[in-house]
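Residue numbers (this note's numbering): 3 to 520. For glycine and all other residues, C-beta sits at the position ideal for the given N, C-alpha and C. Just below is one structure, and these are the notes that go with it.
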């Protein structure tokens, strides 16, 4: 019996991941299956940005039009001791090392997504990822650049050296082979997420973490379960913009869009660009000072959204917090049956903690760096608490239905990337034009940056550039098509249901719109 034809639109930051998503559609899957297949492949081929040892946050829209947020960000270990961390590290955690590792949430997040409406089994979803890990994949341009740029900060961990540096520093085109990770993926394929969190892999994984000095125990893995919650949303013109609520910084995007409307800022990509970026500067300071895990810290998200919450100055008053920047993947998928996914997964900084648990080959994220060690901070490190989180999937709809699925990397700059991409698309740009256009990001993107530093691509249009000269922001020039301003991926849905997709040329990605079945 022939399958009802299905059109699927995909945009990811690596062409291999896009091909994996296409195979999932071709095998009878929907947007959930395609997103999961892409995420699994990216976790092998893009280790500077993503791993199964990291976190995941996603928006999932079902055919009824309901959108839900899956927050699979893991907490600090139940045995963590902030005082001991301060004694070991001073006022801030290091960027890398075992003390920056929190419970990885991604694989449990995958399981939740699949149960929400996926059609394929783990075997079909994991096929490409397992082959890539077992047989090897060519090091991409972006991965090679990350190895080169981070050379001085990686290589201290034996598992990392064995996995990635055994033949020297990889360059573009070299073969990246990860046989231990392949066996781990096979175990998850056969046993599901339970294999890692309460099954056969857990004991060796926890023992390996302990041997490295981690405080994460078996109970931390067993008791971790992602949240499925309602998205945070706001109206913007004829649109409704949806994103992830705290502990993520999705509110920054919604807050600034609200300011554009309240203040009648009519040309935010042109003559008013500087005004928009100053609003992002102010919202960043609010995020740095006030955002925390709402399960642990009291706070009113309405105040974060509507501008009632303000920071105390131009610099953070809490010295223990290190602003987020980092490396991430964003996957945007939609299909003609009504399923859509914006999936964000990450190791946080490039190569995360730069630590590989040797028995599983899992590269660990450094998401704990998002905590403060200052006890006065709402975001202070505590047992079982989730850190301030930069991952933020986005969808946009209007009265007729879904219009955009947006996903990006970019650390603390993610809200700004979403805004610039979506504003262009709302103004009539194609998905590819929207993600390719010149951008700017205000706030720290490199060590030593100030909150008022703004990275500006060299080809940013003259009206926008001129408007920045009228602000208090400090311009830092960066080449056009620079990875520093993120990898954006976008799917656009026309009023007649037609799909369009664009993948950022700053990445190694590809976009695809195809019909399957029939």
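For residue 165, the enclosing alpha helix (DSSP H) begins and ends at 160-166. With 16 or more other Cβ atoms from the protein chains shown falling within 10 Å of its own Cβ, residue 418 counts as buried. Cβ-Cβ distances below 7 Å link residue 227 to 110 in the same chain, with the five nearest sequence neighbours on each side left out; the list follows chain order. DSSP places residue 14 in the uninterrupted beta strand (DSSP E) bounded by 8-14. By the beta-carbon neighbour count (other beta carbons within 10 angstroms, threshold 16), residue 280 is buried. Residue 178 sits in a strand when the DSSP states are folded into three classes. Its chain contains 406, 433, 436, 492, 494 as the residues whose beta carbon lies nearer than 7 Å to that of residue 427, once the 5 sequence neighbours on both sides are disregarded; these appear in chain order. Residue pairing by DSSP places residue 517 opposite 9 in a beta bridge. Around the beta carbon of residue 181, fewer than 16 other beta carbons lie within 10 angstroms, which makes this residue exposed. Residue burial is scored here from C-beta neighbours: residue 37 has at least 16 other C-beta atoms within 10 angstroms and is therefore classed as buried.
Under the DSSP assignment, residue 358 falls outside any alpha helix (DSSP H), being part of the beta strand (DSSP E) whose first and last residues are 357-359. The three-state reading of DSSP puts residue 493 in strand, counting E and B together. Rounded to the nearest whole angstrom, the CA to CA distance from residue 43 to residue 271 is 35 Å.
Three or more Cβ pairs closer than 8 Å define a contact, and the stretch 77-92 falls short of that threshold against the stretch 114-134. Scanning its chain for C-beta atoms nearer than 8 Å, with the 5 sequence neighbours on each side dropped, one finds around residue 480 the residues 457, 458, 459, 460, 486, 487, in chain order. Close CB contacts of residue 102 within its chain, under the 6 Å cut and outside five residues either way in sequence, are with 95, 355, 368, 370, 371 (chain order). Under the criterion of beta carbons closer than 8 Å, residue 294 and residue 381 qualify as touching, at roughly 4 Å. When DSSP states are grouped into helix, strand and coil, residue 333 belongs to the strand group.
Distance from residue 249 to residue 389 at the Cβ level is roughly 7 Å; contact confirmed, criterion being Cβ atoms closer than 8 Å. Apart from sequence neighbours up to five positions away, the residues of its chain that approach residue 496 with a beta-carbon distance below 8 Å are 502, ordered along the chain. Taking each of 58, 188, 62 in turn and checking the Cα distance to residue 76, the smallest one comes out for 58.
According to DSSP, residue 478 shares a beta bridge with 457.
Contact between residue 331 and residue 73 is absent: CB atoms are separated by about 17 Å, not below the 8 Å threshold.
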